[in-house]
Amino acid sequence: MKNWEGSMRRHSTVLGLLMATSVTALASSASAQQSEPSAPAAAANEAAGLEDIVVTARRSSERLINVPVAVTALSAAMIERAHVTDLTQIAQMTPNLVVAAAGSGTGGSISIRGIGTSYLDPGVEQSVGVVVDGVPIGRGYFLSAAQFDLKQIEVLKGPQALFFGKNSPAGVISIASADPTPHLTAMARIGYETEAKERFAEAFVGGPISETLGYRIAGKYSKLDGWFKNVVPPGPSLAFPGFNTPGALYDEG
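Quick note: the sequence shown uses numbering that gives the first Met the number 0, first residue 0, plus one each step.
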């Protein structure tokens, strides 16, 4: 009788260990499946715009998720998809950013989180700094400048004097032009807008000069008839042609 009871206890212990091992293996397998997304899931995330964005908010290339600064980054694909042509359209895609253009079309004001400059004069320094390819442009006349052939736009919220110097107590809009490509690239297009009868043409060309040196030149021209007409002869309308000719020369050596 004692031998039978001892044998039953041993069988029960072995069975319990086997069941515990099976449960642990199943849990580990389920955890691995959850922690490692499948290739289709990763592709779906990339298609939804969840790609890994690299920013230069602190004067060095860092992943957006690791930057300890409130940054809104717009990639080249997002800029192209939204057809961003000036700073007012950037504000439509960025929370807490307000860009108010002056009625004359030559000035305006920028504010981030309610902090900004109230003067619309194009010669007034803005509380929100605008930096184009590392060059600060703080005056309001830049609001009406045409934007074209951009690589990325970063909107940094909060004081940025440490990395961008003066005139950035509210934040900084950092604009980066597209870089030269390792192969010959060119594009040209024209457009027409019916509301104010705007005509525009834009084009760029770029490519390698040598193994370490590349170039990229872009240009844009636009003109519109204006939103209203001056009835006093000779009465030109308040419409101004726009020009933009960014260029880049890059040396990897």
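All C-beta atoms, glycine included, are put in the ideal place defined by N, C-alpha and C. Just so you know, these numbers come straight off a predicted model, no measurement behind them.
In terms of alpha-carbon separation, which member of the options lies closest to residue i?
| i | options | result |
| --- | --- | --- |
| Met92 | Ala99, Ala100 and Ala81 | Ala81 |
| Phe147 | Ala177, Thr184 and Asn95 | Ala177 |
| Ser173 | Thr180, Ala185, Pro179 and Lys156 | Lys156 |
| Arg62 | Ala187, Glu194, Val53 and Val70 | Val53 |
| Gly107 | Asn95, Leu96 and Gln125 | Gln125 |
| Pro181 | Pro94, Leu73, Thr211 and Ser117 | Thr211 |
Hey, quick one: how far does the beta strand (DSSP E) through residue i stretch, first residue to last?
| i | result |
| --- | --- |
| Arg215 | Leu212 to Lys222 |
| Gly192 | The identity of residue 192 in the sequence shown is Glu, whereas the question assumes Gly. Looking at the DSSP string, the run of the beta strand (DSSP E) that includes Glu192 is Thr184 to Glu192. |
| Leu149 | Leu149 to Lys156 |
| Ile111 | Gly107 to Ile111 |
| Ala202 | Glu197 to Pro207 |
| Ile64 | Careful: Ile64 lies outside any beta strand (DSSP E) and carries neither H nor E. |
Residue i to residue j, Cα distance in whole Å?
| i | j | result |
| --- | --- | --- |
| Ala169 | Gly113 | 9 Å |
| Gln151 | Asp224 | 31 Å |
| Ala38 | Arg138 | Because Ala38 carries a pLDDT of 41, less than 50, the predicted location of this residue cannot be relied on, and no value is offered for it. |
| Tyr298 | Asp85 | Since the first and last residues shown for the chain are 0 and 252, residue 298 lies out of range. |
| Lys219 | Glu197 | 13 Å |
| Asn44 | Gly206 | Its pLDDT being 44, under 50, Asn44 is placed unreliably in this model, and the coordinates cannot settle the point. |
| Ala185 | Met77 | 20 Å |
| Val204 | Val230 | 42 Å |
| Ser60 | Val66 | 10 Å |
| Ala217 | Ala202 | 6 Å |
| Ile136 | Val130 | 6 Å |
Taking the CB atoms as reference points, tell me whether residue i and residue j lie closer together than 8 Å.
| i | j | result |
| --- | --- | --- |
| Val171 | Phe163 | yes |
| Gln159 | Gly128 | yes |
| Leu142 | Val98 | yes |
| Ala90 | Val70 | no |
| Ala175 | Ile189 | no |
Can you tell me whether residue i is buried or exposed? The criterion is at least 16 other CB atoms within 10 Å of its CB, across all chains shown.
| i | result |
| --- | --- |
| Gly213 | buried |
| Leu133 | A small fix is needed here, since residue 133 is Gly in this sequence, not Leu. Per the 10 Å Cβ criterion, exposed. |
| Ile111 | buried |
| Ser34 | Confidence in Ser34 is poor, its pLDDT being 40 and thus under 50, which makes the residue's placement unreliable; the coordinate value appears in the next sentence. So Ser34 ends up on the exposed side. |
| Ala195 | exposed |
| Ile109 | buried |
| Leu183 | exposed |
Looking at the C-beta of residue i, does it have a partner C-beta in chain D at a distance below 8 Å?
| i | result |
| --- | --- |
| Ile78 | Within the model displayed, chain D is absent; a lone protein chain is all it includes. |
Go to residue i, then tell me how far its alpha helix (DSSP H) extends in each direction, as first and last residue.
| i | result |
| --- | --- |
| Leu86 | Leu86 to Ala90 |
| Ala81 | Ala75 to Ala81 |
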